[in-house]
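Residue numbers (the working numbering): 2 to 109.
Encoded as structure tokens, the structure appears first; notes follow it.
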């Protein structure tokens, strides 16, 4: 006997349906890598991976259901979130580069 639970995704009109916590559908530190992948779960409408991730970020997926989603969303090709930082210089936002010292010889 299957004791499956339905995945409930809150209102799609932009207003969360009572779920306030954010849910990372791929798991902590990961994000959807294939936005156009289609996630299908029994007795629920098919949803794109991008929309599923957005629903989680907007708090429209209960945390109890969020906990097991990472094991089910293989079609979404989850990948690590990479954080890039930009160092603010006195002239604005730009990467900081230093010139090579003049006494360095580079062999070709």
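We put the CB at the ideal spot given by N, CA and C, even for glycine.
Exposed unless 16 or more other CB atoms sit within 10 angstroms - verdict on residue 57: As a working mapping, residue 57 is identified with position 56 in the chain shown. Buried, because 16 or more other Cβ atoms sit within 10 Å of the Cβ of residue 57.
Continuous alpha helix (DSSP H) stretch holding residue 65: start and end: Stepping through the chain shown from its first residue, residue 65 is reached at position 64. That run of the alpha helix (DSSP H) goes 64-67.
Per DSSP, the bridge partner or partners of residue 80: What you label residue 80 is simply residue 79 of the chain shown in a count that begins at 1. According to DSSP, residue 80 bridges with 32.
Residue span of the alpha helix (DSSP H) that contains residue 52, given as start and end: In the chain shown, residue 52 corresponds to position 51, counting from 1. Segment 50-58, the alpha helix (DSSP H) holding residue 52.
Per DSSP, cross-strand counterpart(s) of residue 40: Residue numbering aside, residue 40 sits at position 39 when the chain shown is read from its first letter. The partner list for residue 40 (beta bridge, DSSP) reads 48.
C-beta atoms of residue 67 and residue 34 nearer than 9 Å: Counting from 1 along the chain shown, the entry for residue 67 is found at position 66. Counting from 1 along the chain shown, the entry for residue 34 is found at position 33. For residue 67 and residue 34, no; Cβs fall outside 9 Å.
For residue 85, the three-state DSSP class (helix, strand or coil): As a working mapping, residue 85 is identified with position 84 in the chain shown. Three-state DSSP puts residue 85 in coil, outside helix and strand.
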